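**Q**
Numbering (mature numbering (1 follows the signal peptide of the UniProt record, and there is no 0)), first residue to last: -22 to -1, 1 to 298.
1. From the DSSP secondary-structure annotation, give me the bridge partner or partners of residue 49.
2. DSSP puts residue 43 in a beta bridge; with which residues?
3. Give me the Cα-Cα distance between residue 122 and residue 173, rounded to the nearest whole angstrom.
4. Please check the pair residue 295 and residue 139, which I expect to be a contact at CB under 8 Å, by giving their CB distance rounded to whole angstroms.
5. For residue 259 versus residue 250, is the C-beta spacing smaller than 8 Å?
6. In whole angstroms, what separates the C-alpha of residue 64 from that of residue 6?
7. Just checking, does the segment 228 to 236 make contact with the segment 281 to 296 on the three C-beta pairs under 8 Å criterion?
8. Under 8 Å, do residue 102 and residue 224 count as touching if we go by C-beta distance?
9. Give a yes or no on whether the C-beta atoms belonging to residue 246 and residue 34 are separated by under 8 Å.
10. Between which two residues does the alpha helix (DSSP H) carrying residue 101 extend?
11. Taking 8 Å as the cut-off, does the segment 110 to 124 touch the segment 90 to 100 (at least 3 CB pairs, one atom from each stretch)?
12. Under 8 Å, with one C-beta from each stretch per pair, do the segment 128 to 139 and the segment 159 to 171 reach the 3-pair mark?
13. Can you tell me where the alpha helix (DSSP H) with residue 73 in it begins and where it stops?
14. So which of 143, 141 and 44 has the shortest CA-CA distance to residue 15?
15. Name the two residues that bound the continuous alpha helix (DSSP H) containing residue 183.
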């Protein structure tokens, strides 16, 4: 009942905004909620993008970090915002497509306004230099031949990285022991310390250790290879592009946000990401541009939500 009341309130609020209001938008500063701690990948990309978005929109764009609950706390707060376009959400996919399967939240992909995705990055699986494999194919073969022998660090029960790995392992009939950590940074430290056999996480934190020879990354969870990790195989090269699971970022509006304002933000983002400095920043993070707008973005959210729901159910992790 509580959720229904919240959604009804948002819908009623939307009626207060008429199409005529879009022409002078934005006329004051915009707040962007980031449902993650300051200093993390999502926060860093949002803040870098906002430098250029301010110039395109002609108004200040301020970031408000609201972390916790795998992103759910920030998105729950955001879902109660007025749909006038002055409060936006900059998030990665997990709080929208995974978390609602795991815990009760006050939103779903259907109750948020899709504006545009911005960039994406694969996760990677990396091992120590003496691990007996030199390619993605050899890595998977080694795990197949030794069920239960190897541990892999990951982002926790229901985390997108763990789901990405489990989708691949299930297809190859691999059993590896998942060890949950609080994020890629914590996973990396435990991997470097020898507490887990395999690093499972985002690309950026592990890159310096690949470059100095302390790690070799043999698999990425995207269909395509990743230029930042030339030794790693993409899933298409292994014949399984359908198993792709990536971290991707997007900007959303509250339920009932006027279409013209959502389009204005999407247009501004499309211009902002063309700045060479922003593209260089993404490349250094191992990310690539990925602009999917409006209803096409909603469709992507729907498809991923359904696919992840099936994976969670097969693992016995989906909330009933």
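Where a beta carbon is used, it is the ideal one built from N, C-alpha and C, also for glycine. These numbers were taken from a predicted model, which means no experiment stands behind them.
**A** According to the structure shown:
1. Paired residue(s): none; residue 49 is not in a bridge.
2. Under DSSP, the beta-bridge partners assigned to residue 43 are 12.
3. About 21 Å.
4. With a Cβ gap of about 14 Å, residue 295 and residue 139 do not count as contacting.
5. Note that the C-beta distance between residue 259 and residue 250 is not below 8 Å.
6. Their backbone Cα atoms lie some 8 Å apart in a straight line.
7. No: the two stretches stay apart, fewer than three of their Cβ pairs being nearer than 8 Å.
8. Taking C-beta atoms as the reference points, residue 102 and residue 224 fail to come closer than 8 Å.
9. For residue 246 and residue 34, yes; Cβs fall inside 8 Å.
10. No alpha helix (DSSP H) contains residue 101, which is instead part of the beta strand (DSSP E) from 91 to 105.
11. When C-beta atoms of the segment 90 to 100 are compared with those of the segment 110 to 124, fewer than three pairs fall below 8 Å, so the two segments do not count as touching.
12. Yes, the segment 128 to 139 touches the segment 159 to 171.
13. Taken as a continuous stretch (DSSP letters only), the alpha helix (DSSP H) holding residue 73 covers 72 to 75.
14. Closest option to residue 15, Cα to Cα, is 44.
15. The continuous alpha helix (DSSP H) containing residue 183 extends over residues 181 to 189.
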